[in-house]
Amino acid sequence: MKVLNKLVLALAIGGAMMATAHGAGGPGTRQVPGQQAAVVDQAKRLGAWSVARLLADPQATSVLARRVSLDGKPVMLDTIVSDLTRRAGAANAAGGSVAGMSASVRADAEQLRVVDQRLREHKGIGADSRSLMQLRLYTPAGYSGHVDWDKLLVAYAPAGKRREWMEVEAFDKLGRSHRLDARVAPAYPVLIAGINGREDMRAGIAYLNRRLRAAGMQSAPAIAGHSLAGGVQAMAGGIETSKLTHVSLKNDQEPWVSGGAEIFAVVSGVQPDQAKAELTVVDMPYLDNDGTTYAPNQIMIFWSSYRYGAANIQLFEHDDSTNYQELAVALSQGVTTLLGAFAPQYAVIGQVATAILKVMPAGWFSNDDDYVDSFYTLEKGRTYTNYGGAAGNAVISLSPYTLQ
């Protein structure tokens, strides 16, 4: 448990790397630039190593084989941990031939549970999410062979910029490290341990919007019930909005170890009755594949929240290393500080979007493709068809829509 204690300490204090011996006691550590990336990278690495060690136990392997989907759909780690804990408890009660399984599997399950918990706390969403880590099975396109769980490797996505990835580390059931090509997909199945980007982003967006509201960065709703998280109650005359009818991202080949993209938007402008920036973070859960045109019909802008009938939309891709506590501070305090005291005028709208980009240090978004695109000074009542963003990475279509 020495490696676990060191990692838990690092996650608890937000530290980076600890020097541990590479061997049977744990996977050791890797040098990863950036404190946020280092902590998350070590959590994923220990998670992959711990899952690989479970494959040495036939009882634990049967749990994994039953839970992990062969079609690549992720399974949350807390589901597997619960199954393992129940199985280990049954083994303790039964004694006999399976009693020996209990101690090692229970220890591995507890290690995975604690790492997941500390990771959520480190990212600032401990109260917003029950579990972040997941497992999924990568299988080559058209693969019809047998999944040999005894020889299966467990990999994790590296830290750093995806375009610079050269190799992927994976572990076998004995805890030994193997190196796989990051760009050339393996011809055999591989288990991948990592963070569930969908759940991470859902919890993170809930936290960010809560903090922005508390900081006065989201104006009071025009009517009762008006919120992006809940429903919108109708009022006389209707509610003026802009609806995203189509959106597509530039085609960018992802390494095989990465899952689909997870995209969110920051909608910004000037508050209707104060000289303050207005910011709302909007989830886009359907937008997971580059090169695909989606037709979500999603309301993106509630115009009652923006002065001058103009707002910006900026798209970002989820990053495993994002610390939502620090991002909330950057958006609420950093944007306000950067803008300073200003007289409300039309030109400030674009300055708000520029300030948002400036307060996001690269350490939080460790992959340089995590900033996707910006659409500046979108106007109320206008229709935008196949409208390209400033960075040339996204195309959207927006249309006016009145909620009755």
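Numbering (this note's numbering), first residue to last: 309 to 712. Built from N, CA and C at the ideal position, the CB exists for glycine as well.
Taking 8 Å as the cut-off, the beta carbon of residue 611 is found no closer than this to the beta carbon of residue 710. Per DSSP, the beta bridge partners of residue 502 are 442. If the five residues before and after residue 579 are omitted, its C-beta is found closer than 8 Å to the C-beta atoms of 527, 585, 586, 613, 614 and 615, all from its own chain and listed in chain order. Closest in C-alpha terms to residue 392, from the list 435, 414 and 633, comes 414. Looking at the DSSP output, residue 657 shares a beta bridge with no other residue. Here residue 575 is buried. Its C-beta has 16 or more other C-beta atoms within 10 Å. Ranking 678, 654 and 643 by CA distance to the CA of residue 663 puts 643 first. Residue nearest to residue 515 within the set 556, 431 and 394 is 431 (criterion: CA-CA distance). Inter-residue distance for residue 425 and residue 707 is about 42 Å (C-alpha atoms, whole angstroms). Counted as a single uninterrupted DSSP element, the alpha helix (DSSP H) harbouring residue 374 occupies residues 366-375. In this structure residue 420 is in contact with residue 355, their Cβ atoms being roughly 6 Å apart against a cut-off of 8 Å.
Annotation for residue 575: the continuous beta strand (DSSP E) segment containing it runs 571-578. C-alpha of residue 418 to C-alpha of residue 427: approximately 14 Å in a straight line. Cβ neighbours of residue 502 within its own chain (closer than 6 Å, five residues either side excluded): 352, 464 and 465.
With a contact defined as Cβ atoms closer than 8 Å, residue 556 and residue 600 qualify at about 6 Å. Here DSSP, grouped into helix, strand and coil, assigns residue 646 to helix.
Its Cα nearest to that of residue 450, the residue 496 stands out among 520, 590, 668 and 496.
Comparing alpha carbon positions, the residue from 513, 652, 453 and 472 closest to residue 635 is 513.
Straight through space, the alpha carbons of residue 572 and residue 681 are spaced by roughly 11 Å. Going by C-alpha positions, residue 381 is about 25 Å away from residue 474. Contact check for residue 457 against residue 387 fails: the beta carbons are separated by 8 Å or more. Nearest to residue 500 by C-alpha distance, out of 357, 520 and 438, is 357. Residue 517 sits in a helix when the DSSP states are folded into three classes. Under DSSP, residue 554 takes part in a beta bridge, and its partners are 705.
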